[in-house]
Structures are given as C-alpha cells and as structure tokens.
Amino acid sequence: MIQRSLFVCLCAAALLCIGATAQTTSDFLTADERAWLKTHGPLRWSTNPNVPPYGFLNANKEFEGIAPEMMALVARQLGVELKPVGYATWTDTLAGLRRGECDLLAAVVPTEERQQYLQFTHPYQSLPVVLFVKRGAREIKSLKDLGRRRVGVSRNTMTDEWMRREHPEINIVLVETAREGFLLLAMGQLDAMASSLALGHDVITKNALNNLAVLPDSLLFSSPHCLAVSKGNDRLLSILQKAVDSIPKPELQAIFTKWSELDIKPPPWQFPAWIWEIALALVGGWIVIAAWNYSLHRRVAKQAKQIRAQVELEREMERRCAEVVENATDMVFTRDMEGNYISINPAGCRRLGYTQEEVPGLHITDLVVPEYSAGVQQRIDAQLAGKETSDYQLELLHKNGCRIWFEASLRLLYKDGKAVAVQGIARDISKRKEAEAAVEQERRFLRTLIDNMPDLVYTKDMEGRFVLCNAAHVRFMGVKSESDLAGKTVLDLHPPELARGYYADDLRVLQKGDTIHNREELVNDHNGVVHWHLTIKTPLRGLDGKVIGLIGVSRDINEHKRALESLRESEMLYHSLVEQLPQSIFRTDLDGRVTFANSRYCQSMQRELKDILGKTNSDLFPPDLAAKYRADDQRVIETGNVFEAIERHRTPDGREFYVHVMKSPLRDVDRRIVGIQCVFWDVTGRKLTEDALRESEHRLRLATEAAQMGTWDRDLKSNKLFWSPTQERNMGYEPGAFPGTYEAFLELVHPDSRDTLVAAQQRARDTGEYGAELKFQRRDGRVRWGLVRGQILYDDQGKPDRILGVDLDITKRKEAEEEVAKLNAELEQRVKQRTAELAASNKELEAFCYSVSHDLRAPLRSIDGFSALVAERCSNILDATSLDYLQRARGAAQQMGHLINDLLQLSRVTRCELRQERVDLSAMAFAIADDLNNSQPDRQVSFAIEAGVVVFGDPRLLRIVLENLLNNAWKFTAMERQPRIEFGTRLENNLTTCFVRDNGAGFDMAYVHKLFEPFQRLHAVSEFPGTGVGLASVQRIIRRHAGRVWAEGAVNHGATFYFTLQTENIRV
Amino acid sequence: MNDRIILLVEDNPNDATLTLQALQKHKLANEVVLARDGVEALDYLFGRGAHANRDRSRMPALILLDIKLPKVDGLEVLREIRANELTAMLPVVMLTSSREEQDLLESYRLHCNSYICKPVDFAQFVRAVEQLELYWLVTNEPPPPASRS
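Protein sequence lines correspond, in order, to chains A and B. Using this note's numbering, count along the first sequence one by one with no gaps and you end on 1349. Using this note's numbering, count along the second sequence one by one with no gaps and you end on 157.
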C-alpha cells in the first residue's frame, strides 16, 4: 500500500509534468476543439470509486488505479489539466455527472442501461470477465454446470446484462458490490461469482478469500472500458476519442499490467483442471507436512518450558486463590456431583446463616430454592457436554428460611477426566435485586401512571425518534401498540406542515437543552381530526447531565380551548353589548371603587376610563351626591335588592338631568355579593314629557270639567262602560252611581236619537270615528243633548277593542237651535206669504200695464181720430182758431200716447227676465245711428263709434240703453251747427266704461241728480220733446246689469253719459 | 174677386168707426162686416147664431182682428179660425192697441198673417189701414178657391 501511495504521488507529479509539457502534443485536435478546451477547462473527471484496481479512493480520498493513470495519459495527450472529482459510490458518481459536477467518466463499461444517458469513446481496453468459484467445488467445471445454480453478478453491470442475455437459465443473484458477491461466494451462499478477472483478483487478495479461485476456462466475454461523457456532449466525446486514439498502445498495456498483477490474457494453454488440482494438492500437502513437522518441533520445546513455568504459577495461584476464597466477600462453594456441599467459605456461611461445621451436612436442596435447581442442573449438564455456561441468578435459602438473591457461576472440577465436583462463586445480589425490584416497581408505577394519564406522554431519543409512548398516545395515533410508534419521528407520523413545528421544538430541546413550556399546537389524530394540544417538552438528561433525549407531555386542550374561545367570544359580546348600550354602566367593588365603566359612562363623566377605575363616589361626585350614592350602594349591598329610581343627576361640569338608575348586586359564584353594577340612562326627555303630559292631562281635566265635557270609555268585548264624574253628572247620576254597562247607557238614549245612534255606530265601524249629536232622557227625566265623539282603538289583531270618547253637553245650543228653527219656519211662512202677495201685486201690475197699453190708448186714439175727422170734415166751416184747438187736442192725445209707450217700456225693463249673451254694442250703435240718420235725412250729424265693443248682457235691454242715449244725443244736438255724437269706451279704475257723448245742449250739473228720475226733464218739451222716462229706463237696465250710469255735462257744452256693466263684462 | 169682404172684429165703437172711416177712403172692399166680439166673429165665419142663414161659401178676403174682445178674445178667435179647415187659410191681420210681447208672440204662434199696432195718431192710423187694405185685397194673391172645401 505504501508503494501504491508512493506511486500515486509519482503519478500526480508525472501528471503535473505532463500537464505542463503537453501543450504541443494536442495537435490532433482542431483549432475549434482546442478553443473549446480552453474555455471549458479544467475538465473534471470521475470514476467508480469501488472497483479496484480500475478505480478506487485511497485513504486520502484520492483516486488510485487504472482509471487515474489513464486520465493522466489523456491529460498529457490533450495538453490540459484534468481534475478528479471523487464520490462515495458509483451511483453518486453518475448523479454527479448528471448534475454537471464532472465532465467525463473513466473506465466505464458501456452497458445498455448506461447508453441511455452516456456516450462512450471506443474502448481503450477490453478486460476478461470470468467465473470465480470456491476451490474444490468439483461439481462446477464449466459454464454448462451453472444451470440453476446461484451465480452472483454485480447489479447494473455489463456482466449482468450479458448473463441475462446469454444464459437466462442461470439463477442470477444480483449483488451491490463485487466484494459483497465474493464474500457470499466464500460463505457458500453463492455457487459462483461472475466478475472481471482483475476486480475479482483484487477482492480476493484484499479480503484473503483464499478459498476462492477462477474457474478455469471460464472466460465469459471481454468487457470493454471506455471514457464516457453525458449524452449530447458530442464535442467533448470527439476530443476524448482523439485523445484516446493518440495514446500509444504499449502505454495503455503498461498501466493495466501494473495494476492487475495478472496477465489479463488467459494462458494460451492450461493443464486440465484435475491435473492442476492434484499437483496443487500434492505440492500443498507436502508443504503442509513440512511446515507442520517444523512447527511441531518448535512447539514441543516451547511447551515443555511453558509447563514448567505454569506449574510454578499454578502453585502460586492456588495459594493465592485459597486466600482469596477465605477472604472473599462472595460465597465460594464446592459440591460433589450428588449435590452435597464440601465447602462453603466463611462469607457464604455468614450470608446463609450457617456455621462452617454445619456445611458438610448441607445438600443442594437445603440451599437452592427448588425452582432454580433445574437451571443449576442444566448448567452442569452443559459443562459436562463441554459447553461454556454463563452466570445465572438464583435464590438461596437462609437458614431461617429467607430467600436471598445470588448471582452465581460454576465450573466443574475434573479428576482424571471425570467431573468430580462443582465449584461455584455466588455473589449476594439481594441488594441489587431489591434495587432492581424497586426500580421495576417504580417503572411499573410510572408506566401505569403515564398509561392512565389522559395526556400524551412520550420520550424521544436524540434523533427525535419516539422511544416510549403512553397508552393515550397510542390511542391518539390510532396504532395497535407502542412499538408502532417507537423509532419514528414526528416527521414520519404527521403531515409535514404540522410536523415541521414539532420537529423544530424537538431539535431545540435536544440540541440546546431548552425546556418548552406550554406550547399550544395543532395536532392531527389518526382520523385526521386536528386537536389543540398544550405541549411541554423537556430534555431528558443522562446521569452525566448530557441530554440523551426528551420527555414530552401533550394535553388535549380542544375542549378547554373551545370553552376559552366561547368565553372570550361571550366576553367580547358582553363587552361590545355593554359598550354599545346607550346606558351608562359601571361596576364598583364593596369599597365603592369603580372596577369597570363603559364608554358611555366615561363620556358622561368626561373622564378617561383610567381616570375612573379605582375611584369612589366621593372622588367623582360633589359631596351631597356622593353621600346619597354611597347610601344607595350600601343599601343594595346590605339587602341584596335591586335599587331602581328616577333621580336628578349632576355631571362634573354641573349639567343636571334626570336619570333612570338601576343598581343591582354583583355576586360571585358562591352568590356572595362582591360589588354593585349600576346602569343608568338619561330620562330627562321622558321625565319632561311625563311632566308635560301630567300637566296637560291636568289642563285637559280642567278644560273638560269647565266645558262640562264628560269622557267615556267603552270596552267593546265586555261592554263595560266607564264614565267620568262629569259625564255622570251630565246624565243625572251622582258621581260613581252609574252602573257602568252599555245597556244602562242605552236606556238613557232618547227614542228620537235611537236611529241616529245606530247610524253613528255603523259609521264608526266603517271609519273608526264615532260622532253624533244625541238626545238623552236624563235620569231625572230631563232632556239633554250631547255631542258625542269617540275613536275606536284596535287590538293587536286589528279588531276593535275599545271606544274612547267625550260627550259635550249641547243642550243649550240645541234649545237655541230649535228656537232658531222655529223662528226660521215662521219666517219662511211669512216670506211665502209676502211672496204670494208680491206675485199677486206683480200680476196686478201686469194687468195694469196691459190695460194701460191697451185701454188707455184707445180713448186717445178716439180723441185724435175724431178730432182729425172733425177738422177734415169742417175745415171749411171752422175758423183757424178752432182748427188750432182741434190740432192741440190731437197733440195732447199723441203726447199721452208717447207717455204711455215710455211708461210701458219702463215697466217692461223692470219686469222682464234678464238674459246673458254676447252683445256687440258697436254694431248696435252703428245700426241705431243708421236709423237716426234715415229718420231725419236732412240733419248732418257726425257719428264717431268705436268698433269692437263687445259685452255680456241682455241684447234687448242694452239696445234700449243705446237707443235712449243715442236718441237723446240726436235730439239734443238738433240746434247744433256741427253736431257730433260719440260712442266709445275708456278705462276708469281698471274698469272699462262705455260712454255716449254729444256736443249738444248739455245740462246744468246742478240738476244732474234729477236726470235719471222718471218724468224729470231739464228742458221744455217745446224745446226738446220727450217724456222723461228714457234715462230712468237706462238707469234701471244698467243697474240690472250690476253696473253704474252717470252723466257729465254743461249747458250748451254737450253731455256725456257713462255706463259700466258688470266687472270684466266689457271686452274691447 | 167679386166678394171682397173684410171682417172687422172690434168691440170699441170709436175704433170701429175710425177704422171704417179709414177703409172707406178707397172703397176697395165690397163689404165690411163688423163683429163686436169674438163670438159674433166666429158665428159669422161658421154660419152660426145670428148668421146661421149666411152663405158660408162666401168667406172674407181679410179679417182685421182686435185682441181684447168681450166674451171670446181675439187670440181664441184666431186659434179657432186656424183650427177649422174652412177658415184655416184666411188672412188674419191683428189690429190692436197692445204692444205686449206676449200678445205678439201668441198671435204669431197661432199663425196670424200680420200684426198691426194701432197708432194713436189718426193720420198714421189711416195710413196703416189703407196699406192693409191695398196690400191684402189687391197686392196679395189669396189662396185658390179649390183649397176651400
């Protein structure tokens, strides 16, 4: 080995030299390839570290063998440095290549399997693969004899592939390494081992498997060795191929020869096997005999010397031995083969309570407790059979009958090759036994204890593997026994996401020696249900104080956790409730110190919570309030009763308001009062409202009393009727005397009002409002009237429940009304009478008018007619004066005719029915003007008539108005040289006013009030004819149209007559 | 057109005289029969009473009818004239002092042929009667005799 290491060193040195001088030798490479090498260097190579002599790692983890020397040659040829990369196994090596940690592999056999991921150069060597067998295995002479025999083959090797392909009949046993295979072969577990010659040779040599040998003539095939690169690395492969090709063959051969120590070539000729064996046997036999002879000689001489020394030694030993036995603390005894004691040393006698003198009489049965005698005998028998026996434990009997534990060993004493006695040493181990028992007791106690604990209890070793798990743990994990958990870590038992946490804790405890207290963690049980566990892990220390493992206790706190959660939730709920409540809430302890206050309370106190907690009433309130509150609190604490009141409260800033206060005792679980909870809220609004309500009720009561207004309340379901005292008085009852039934009320209803009552009730059912004026017969028989009003109140189902109402006494009003009705009736009667009278007088007037129009005219016509006839007949007889008189009579008669016509017209204007139509006054004025012009064509009167004056009114009557006014104008302009008549409108006080204006004779404004009176004239008939009725008619017509008529004028300066009709009547 | 009889129904003798005076100016009528009340007028027309022997085929060419009459008034007389087939088509002119609206309306409703209000002025009166006479006896074409049954 030293030589080899030396050689390696030499090789490495050579390699360096070669690397340094190789620059010029790589001229077989192309420029590209050289460039590639430069950029990819240094190339890393590796090989199978376990196949000496091809390749293996020495103690310094450096490669040795054929492969590294081959690589040295390759490096030299390429002129580059090649760097070895070593792995522990072949599998690791291949993985390293795949990971790109090395670029090429040396000494690789191109198996089919490897060709899937490697590319190989052409083989640079071919190595024979042969069969190794046990020496002397005569039944195997060639491959043909291997059928069904067990042949070892290294896994994943070309040999494996070859054997399967070529000899499928052979029972191949795959081994991981060649060494393993050869060892199996040596032990007889295999019948043969197929391996490369060099490898097999190396293994056999190194392991001194001298009983193994090559099966002659068993060359299976030649296994080619190549360089290999990862598949696809064609450039490197090509470079390597060129390098391999460039190595001179003798150099390659030299390497192999050096390492294999064998000529790889099978001998060109071999003796037949049996000759070889016989020769070997003969030679061997001779050598053995010679050696044995020589060694025998040496041994005889040596032994003689030894025996002499030994005899001396034994004597000395015996002497010492006896001393030891006498003084030993252990029991030393001898017994004959029948079990009779020959001797027991003093220590033994003492321990068993016997004297030396008693020993000879003792038999094995006296000392050995019967159940152990069989064991003792067994050992004796075993020794008789030449076997070693171990120490054993047994109980011996004290003289007093007590059992004492001993650990004993015995041996037979021989005399003349015959066992004659049993000698033994027994050590009192009762103390130890007791201690052991105590320990065992302790152990069982602890075991029982932990198995009966509901918590999971376990211990773990330094790797975190379970050592001990209690029953609860076994149950929790759903396994059959503790052994199913032992040796496993949490990583094996729990899902990784959970296990990682536990494992981290384990490591902390194990590595740092920390104790982990109360870790709350989620743990899944065998059903996958996750539990909250509270876990304690503490290091388990050996006697030397070193951590040797850990002890863990996990408690299922699911329920607890849930309870805690729900408690927290309910606390939060309570808190949020308390905080959200519009009430102020605080709690005090028995000393009156505030222990809690909600935010509302803090707000009302205008203090932070921290400034309130721990304070008492006297800290928070003025003395008077504080004293009162303290007294209230004291009462609650003493009586345990709830205190409730509405009282005045004052905040620190002096605001006063009414609060509704409830103070209730706080009790602990034992129902002891431990404090007070106070809830209060501002009821100022309510209080004020209540006060106001009370006030208003009072006022209402006063009002109803004052108004003699009774109130009533009828329960529709029971027909009970409640009456206020006023109501009772109104009905003639003494207060409180009304029976309170609806029937009693009905009896008081006057028969005249019964129908009204029924109708009112029907209306109330429809509308919910009840109201009627009812006539009652009071208790004392007097009649009274009541204005009864009420409202139905409905119950939750919407059914009528009660009627509430009032009864206002209206007897006086009713009496007044009756009086008025009576008067009205009388009045009506009178009016009818008067109307009839008026109708009659109207009729009379009509008859009068008729007779006027008819009967008064007839005599006038006779006067005029006969006067005319007389004047015609006697014109020749009568003188001028007589004729003049006749003419005057006729004039008067005609004047009377006109008067009658005008009077009739006036009366017609008053009597006739007024129609309302659209009337075009302008058109009417034009027509009248035409008529006037036609009646006196010789007159030249200028008319100015405004167009488009349209009004609503009676067309006949309005025509009379216009006719009269225009006729007058026509008449009174007769004297005018340039007569002018106007009809038009003007706005006056937002009212359209019509007018008729002339520039005629006019009138004196002093008499204007007489203008519109009938038969009043301001001018002489001789001057201007007329009856004085026209303007009276005009005024009547205008008044009937709800208008106004007036006149302006001056003597000789014309006159203007204005008239209006109803407001907005006139449209222009 | 030989029988140009005018029936004048007038209770007032003064008016009757004046009317006759007026009618006599032109003497267009063959005969003016004067009835002093409604009954007499109807008796004449239908050949009753004092006129029972009258040739009823001779009917007046014009009836001048006053309204205010004793016994049966003018409007009633007009209604009967229009109600009877014999007289229904006779021209009837109301000649009255009344200007009352209701008289006018009723007369026309009963199909009078004309309504004249007697003027107080005699000259006007004569003129009106002359016009009537001329118009109804000369200008106007009476209904054909065939229509008379």
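Backbone N, C-alpha and C define an ideal beta-carbon position, used for all residues, glycine too.
Interface residues of chain B facing residue i [CB-CB closer than 9 Å]
i          : result
Ser1163(A) : The premise fails here: Ser1163(A) is roughly 17 Å from chain B at the closest Cβ pair, so nothing lies under 9 Å.
Gly1178(A) : Pro127, Val128 and Asp129
Cross-chain neighbours of residue i in chain B, by beta carbon under 7 Å
i          : result
Arg1169(A) : Those within 7 Å of Arg1169(A) in chain B number zero; the least Cβ separation is about 14 Å.
Asp1145(A) : Val128, Asp129 and Phe130
Contact list for residue i against chain A, beta-carbon separation under 8 Å
i         : result
Lys76(B)  : His1135 and Asp1136
Ala131(B) : Ala1149
Whole-angstrom distance between residue j and residue i, CA atom to CA atom
i          : j          : result
Asn20(B)   : Leu1299(A) : 38 Å
Ser499(A)  : Leu424(A)  : 7 Å
Asp913(A)  : Asp972(A)  : 25 Å
Glu595(A)  : Ser435(A)  : 56 Å
Ile1181(A) : Leu1137(A) : 8 Å
Lys793(A)  : Gly833(A)  : 16 Å
Tyr1023(A) : Leu947(A)  : 53 Å
Glu343(A)  : Pro349(A)  : 9 Å
Lys1291(A) : Val1310(A) : 11 Å
Arg90(B)   : Leu83(B)   : 11 Å
Gly417(A)  : Lys586(A)  : 40 Å
Asp795(A)  : Ala475(A)  : 56 Å
Gly566(A)  : Phe614(A)  : 51 Å
Val510(A)  : Val755(A)  : 53 Å
Leu1108(A) : Ala1117(A) : 14 Å
Asp611(A)  : Gly667(A)  : 26 Å
N- and C-terminal bounds of the alpha helix (DSSP H) containing residue i
i          : result
Met352(A)  : Ile347 to Leu359
Arg728(A)  : Ser711 to Asn733
Asn1182(A) : Ala1161 to Arg1192
Gly991(A)  : Note, Gly991(A): premise wrong, no alpha helix (DSSP H); beta strand (DSSP E) at Met990 to Asp996.
Cβ neighbours of residue i in the same chain (closer than 7 Å, five flanking residues each side left out)
i          : result
Pro863(A)  : Arg881 and Trp962
Val146(B)  : Leu36
Ser1148(A) : Leu1167, Ala1170 and Arg1171
Lys968(A)  : Ile927 and Tyr939
Leu112(B)  : Tyr123
The beta strand (DSSP E) enclosing residue i, as first and last residue numbers
i          : result
Gly441(A)  : Residue identity check: residue 441(A) is Asp in the sequence provided, not Gly. Element bounds for Asp441(A): not the beta strand (DSSP E) but the alpha helix (DSSP H), Met439 to Glu447.
Thr869(A)  : Ser865 to Asp870
Ser1223(A) : Ser1223 to Ile1226
Pro365(A)  : Leu363 to Pro365
Gly629(A)  : Unbroken run through Gly629(A) is the alpha helix (DSSP H), Pro627 to Leu633; no beta strand (DSSP E).
Ser1336(A) : First, the amino acid is wrong: residue 1336(A) is Ala here, not Ser. Start and end: Ala1336 to Thr1341.
Beta-carbon proximity list for residue i, same chain, < 6 Å, skipping 5 on both sides
i          : result
Leu496(A)  : Leu412 and Val414
Gln1078(A) : none
Ser106(B)  : Ile75
Leu15(B)   : Val41, Pro68 and Ile71
Pro151(B)  : Met97
Gly428(A)  : Glu450
Phe309(A)  : Lys523 and Ser527
Within chain A, partners of residue i - CB distance below 9 Å
i         : result
Lys126(B) : Arg1138, Ala1139 and Arg1142
Interface residues of chain A facing residue i [CB-CB closer than 7 Å]
i        : result
Phe54(B) : Going along chain A, no residue has its Cβ under 7 Å from Phe54(B), so there is no contact; the nearest lies around 27 Å.
Gln32(B) : The premise fails here: Gln32(B) is roughly 11 Å from chain A at the closest Cβ pair, so nothing lies under 7 Å.
Residues near residue i by beta carbon distance below 8 Å, same chain, minus five either side
i         : result
Tyr116(B) : Tyr123
Chain D within 8 Å of residue i, Cβ atoms only
i         : result
Leu140(B) : Absence of chain D from the displayed structure is noted, the protein chains being A and B.
Quiz prompt | Entirely enclosed alpha helix (DSSP H) segments - the region 1230-1272 of chain A, minimum 4 residues | solution = Counting only runs that start and end inside the region 1230-1272 of chain A, the alpha helix (DSSP H) elements of at least 4 residues fall at 1236-1253.
Quiz item: Residue ranges of each beta strand (DSSP E) run of no fewer than 3 residues wholly in the region 654-709 of chain A, ordered along the chain?
Solution: 673-678, 684-696 and 699-709
Quiz item: What beta strand (DSSP E) runs, 3 residues minimum, are completely inside the region 476-552 of chain A?
Solution: 493-495 and 502-511
Self-check item: Residue ranges of each beta strand (DSSP E) within the region 791-839 of chain A, 3 or longer
Solution: 797-805, 811-822 and 828-837
Quiz item: In the region 13-98 of chain B, which residue ranges form an unbroken alpha helix (DSSP H) of at least 4 residues, counting only runs that do not cross its ends?
Solution: 21-32, 46-54 and 82-91
Self-check item: 3-residue-minimum beta strand (DSSP E) runs that sit fully inside the region 901-960 of chain A, ordered along the chain
Solution: Considered as a whole, the region 901-960 of chain A harbours 924-931 and 937-948 as its complete beta strand (DSSP E) runs of no fewer than 3 residues, in chain order.
Quiz item: Could you give the uninterrupted runs of the beta strand (DSSP E) lying entirely in the region 1009-1041 of chain A, keeping only those of 3 residues or more?
Solution: List check, beta strand (DSSP E) in window: nothing returned.
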